[in-house]
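For reference, the structure is listed below as structure tokens.
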Amino acid sequence: MNKKAFLNKTKPGKGKTILVYTLLISGLFVVLTPFYWMIISSFKPEMDIWEYPIRWIPKRITIENYLQIFNEFKFGLYYFNSLKITAISVFFEVITGVMAGYGFACLKWKGRDKIFTIYISTLVVPWMTIILGQYKLLSTLGLTNSHAGLILIHATSIFGTFMIRQFMLQVPKEMLESARIDGLNEFQIAFRIVLPLIQSGLVAMVILRTIACWNDFFGALIFLTSKALHTIPRALSDFQFDAFNQTPRYGLVLAGVTVSILPIVMLYFIAQKRIVEGIAHSGTKG
Amino acid sequence: MNYHTTKEIRAFRTGFLFILPSFLGFLFILIFPFISGFWLSLTDWAFFNEPEFVGLDNYIGFFKSAENLHALKTTILYALLSIPLLMSVSVLVAVLLNNKIQGVNVYRTIYFFPYLTSGVVVSIIFSNLFHPTRGPVNQFLDAIGILDLPGWHTDPNMALLTVVLVSVWKSFGYYTLIYLAGLQSIPNQLYEAARVEGASPWTTFKDITLPMLRPVTTFVFTLVVLQAFREFELIFIMTEGGPGRATMVLMMRIFQQSFINMEPGKASAGAYILLMLIMSIIVFRNRMDKKNSELF
């Protein structure tokens, strides 16, 4: 994607420019203000959060909320659970995805496209439709309410496979052919030649899948019942519901929420260019 | 006669071997549960009993239940509110971003960010922001002199709309990106010609931009439909289907029926009906598109 494409429109007149900038900057406020409120409130003592008129620059700052969620409310445990499940799930998604991506993109075999079409068509099915079947399956295996069960559910990502296949399709066929002529077997071609070529796309896929898995609430809701096994989204939801039932401690909830967004912000910061451009392309090629 | 050359057989074996790990997952985690879920929808499963076949009872029963019909109605209402709003906001922002301005990438990046956050996070933030008495939104409205402060998600008449607004806020950035890419493939000459002929911005948008965007719009429409009918997290955390049953969409109803009322067999029927609803909309839209493009 070249930069020039963005700048190909004629330069708008002054009035229009002001309007455009005003709207865009207002958009920034609309998007960022809720996050800003979340962050400053998490650093305020409970009383100050609901002060009226609201202070957008806090008068008093405290890290009490953060200390409490880790000490009293075991947030470290939930963080660890989330990390564990996400890391292992994404690992399997990458392995199955890279292999299947190669099989769909770089190899020609009978039935390949039919099977791929079935793969893609499952993206339409809501998770709710298959979750009961998944639940029955896991309960037969005795894996409900376990991390292993949830990881199994996440182990293969159709969307991830789709992304990897898209990237691999761009590898020139001649390169594959000459590698075959040189006597390399398909495994070697896949891992030693193609994989390095798609590494930036692979990074985008890993980050998107990591974020999706990190954010997963529904899976954790159905497949993890014991509190000790909870991931961050479930912990936050428990927090939110508790906040309404017992003495409300919104500072705690918001500290938890802020902490849970941090990894996403970091990952996004690292890879945003690739992610954004990858998505921008999916519409035109899709 | 159907014979394969050894080359073909070997190619198949290699290809299949590569997709095997993924395919096994696909079979066990997607296909098998899809089939068994359907089978369960034909039974009276209640988690702890041995499922007994009841035929299409659950499906017929679905349409006889007032709760389910209400959920269906609410779901369609939610879709009618969110789909046009989401698509228009996204395309308009994309059009805005498609101008020659400084820092387009910054805006793009920031607008997309909420899409990456979890629905739980967004729900928590907004249920606090929209709190009818202490929330900053109503405090602001109060400060500018509005007397009848809206109840947002606590008001049965507004709750669904509130959830729609939150979901638009969360996901417009994603669709804006897709539209933006589509906009860039529109040749500049078309805009030039329109300018020369003195067309207003709105006419240009209506008669050039929108028609040229049609393939992208179809793609976005499919995605937005999928999103609208599958919305669960925002509702579960912000309103739990309430107040009353104001936001009890089908997804929420299926969840309630399955895991709270302990009637997963019946709930499963609802889930397959939901799937059929989604598919008919997508297929219908594709047919309409084919018809329209035949007219051109």
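Going line by line, the protein sequences match chains A and H. In this note's numbering, each residue carries its 1-based index in the first sequence increased by 33. In this note's numbering, each residue carries its 1-based index in the second sequence increased by 4. Quick reminder that beta carbons are idealized off the backbone N, C-alpha and C, glycines included. No experiment lies behind these values; they were computed from the predicted model shown.
Neighbour-count burial assignment, residue i, 16 or more Cβ in a 10 Å radius
{"i": "Thr9 of chain H", "result": "exposed"}
{"i": "Val309 of chain A", "result": "buried"}
{"i": "Trp89 of chain A", "result": "exposed"}
{"i": "Gly19 of chain H", "result": "buried"}
{"i": "Arg213 of chain A", "result": "exposed"}
{"i": "Gly134 of chain A", "result": "buried"}
{"i": "Trp247 of chain A", "result": "buried"}
{"i": "Gln203 of chain A", "result": "exposed"}
{"i": "Lys260 of chain A", "result": "exposed"}
{"i": "Arg17 of chain H", "result": "exposed"}
{"i": "Ile39 of chain H", "result": "exposed"}
{"i": "Met161 of chain A", "result": "buried"}
{"i": "Asp249 of chain A", "result": "buried"}
{"i": "Gly216 of chain A", "result": "exposed"}
Closer than 8 Å at the beta carbon, the chain A residues around residue i
{"i": "Phe16 of chain H", "result": "Trp142, Lys143, Gly144"}
{"i": "Arg234 of chain H", "result": "Pro159, Trp160, Met161"}
{"i": "Tyr111 of chain H", "result": "Leu57, Gly60, Leu61"}
Closer than 7 Å at the beta carbon, the chain H residues around residue i
{"i": "Pro78 of chain A", "result": "Here the premise fails: no neighbours, minimum Cβ distance about 15 Å."}
{"i": "Gln273 of chain A", "result": "Ile128, Ile241"}
{"i": "Phe137 of chain A", "result": "Ile23"}
{"i": "Met375 of chain A", "result": "Because residue 375 of chain A is not part of the residues shown, which for chain A are 34 to 319, the question remains open."}
Extent of the continuous alpha helix (DSSP H) to which residue i belongs
{"i": "Gln167 of chain A", "result": "160 to 174"}
{"i": "Leu153 of chain H", "result": "From DSSP, Leu153 of chain H is part of no alpha helix (DSSP H); its letter is neither H nor E."}
{"i": "Arg17 of chain H", "result": "10 to 29"}
{"i": "Ser94 of chain H", "result": "70 to 101"}
{"i": "Arg198 of chain A", "result": "191 to 201"}
{"i": "Pro40 of chain H", "result": "The residue asked about is misnamed: residue 40 of chain H is Ser in this sequence, not Pro. Start and end: 36 to 45."}
{"i": "Gln340 of chain H", "result": "Residue numbering for chain H in the displayed model covers 5 to 300; residue 340 of chain H lies beyond these limits and cannot be assessed."}
{"i": "Thr137 of chain H", "result": "It is not in any alpha helix (DSSP H) - Thr137 of chain H carries neither H nor E in the DSSP assignment."}
{"i": "Lys117 of chain A", "result": "108 to 138"}
{"i": "Pro219 of chain H", "result": "218 to 234"}
{"i": "Thr166 of chain H", "result": "163 to 188"}
Partners in chain H for residue i, counting only beta-carbon separations shorter than 8 Å
{"i": "Ala133 of chain A", "result": "Phe22, Ile23, Pro25, Ser26, Phe27"}
{"i": "Tyr283 of chain A", "result": "Asn132"}
Contact set between residue i and chain A, taken where Cβ atoms lie within less than 9 Å
{"i": "Arg138 of chain H", "result": "Ile82, Trp83, Tyr85"}
Residue i to residue j span [Cα, whole Å]
{"i": "Asp159 of chain H", "j": "Pro247 of chain H", "result": "7 Å"}
{"i": "Asn62 of chain H", "j": "Ala188 of chain A", "result": "32 Å"}
{"i": "Pro140 of chain H", "j": "Phe233 of chain H", "result": "30 Å"}
{"i": "Ser59 of chain A", "j": "Leu89 of chain H", "result": "18 Å"}
{"i": "Arg169 of chain H", "j": "Thr243 of chain H", "result": "It should be pointed out that residue 169 of chain H corresponds to Leu in this sequence rather than to Arg. The straight-line gap from Cα to Cα measures roughly 14 Å."}
{"i": "Leu40 of chain A", "j": "Trp206 of chain H", "result": "The predicted position of Leu40 of chain A is uncertain, since its pLDDT is 44 and thus under 50; a value taken from the coordinates is nonetheless stated next. Approximately 21 Å, taken between the alpha carbons."}
{"i": "Lys36 of chain A", "j": "Lys104 of chain H", "result": "With a pLDDT of 45 at Lys36 of chain A, under the threshold of 50, the modelled position of this residue cannot be trusted; read the value that follows with caution. Their Cα atoms are separated by approximately 11 Å."}
{"i": "Ala38 of chain A", "j": "Leu187 of chain H", "result": "Confidence at Ala38 of chain A is low in this model, with a pLDDT of 45, below 50, so its placement is unreliable and no value can be given for it."}
{"i": "Gln106 of chain H", "j": "Gln193 of chain H", "result": "23 Å"}
{"i": "Gln305 of chain A", "j": "Val157 of chain A", "result": "26 Å"}
{"i": "Thr177 of chain A", "j": "Ile258 of chain H", "result": "20 Å"}
{"i": "Phe225 of chain H", "j": "Ile87 of chain H", "result": "8 Å"}
{"i": "Val97 of chain H", "j": "Val53 of chain A", "result": "10 Å"}
Residue i: contacting residues in chain H (beta-carbon distance under 9 Å)
{"i": "Ile186 of chain A", "result": "Ile33"}
Chain A residues whose Cβ lies nearer than 7 Å to that of residue i
{"i": "Leu120 of chain H", "result": "Ile244, Ile297, Tyr301"}
{"i": "Tyr115 of chain H", "result": "Gly60, Val64"}
Item checked: Short-range partners of chain H found in the segment 244 to 274 of chain A, where Cβ spacing is below 7 Å -> Ile244, Asn248, Phe250, Phe251, Pro266, Leu269, Ser270, Gln273
Checklist line | Residues in the segment 264 to 275 of chain H having any Cβ partner in chain A nearer than 8 Å | finding: Pro268, Ala271, Ser272, Ala275
Notebook entry, point to check: Mind listing which residues of the segment 245 to 262 of chain H have their C-beta closer than 8 Å to chain A's C-betas, in chain order?
Noted result: Met255, Ile258, Phe259, Ser262
Check: Listed from N- to C-terminal order along the chain, which residues in the segment 158 to 169 of chain A have their beta-carbon within a distance smaller than 9 Å of any beta-carbon of chain H?
Finding: Val158, Pro159, Trp160, Met161, Thr162, Ile163, Ile164, Leu165, Gly166, Gln167, Tyr168, Lys169
Next item on the list: Please name the residues in the segment 154 to 166 of chain H whose beta-carbon is closer than 9 Å to at least one beta-carbon of chain A, in chain order.
Entry: none
Next item on the list: Please list the residues of the segment 299 to 311 of chain A that have a C-beta atom closer than 7 Å to any C-beta atom in chain H, keeping them in chain order.
Entry: Tyr301, Gln305, Val309
Item checked: Interface positions of the segment 204 to 219 of chain H facing chain A (Cβ-Cβ less than 9 Å), listed along the chain -> Pro205, Pro219
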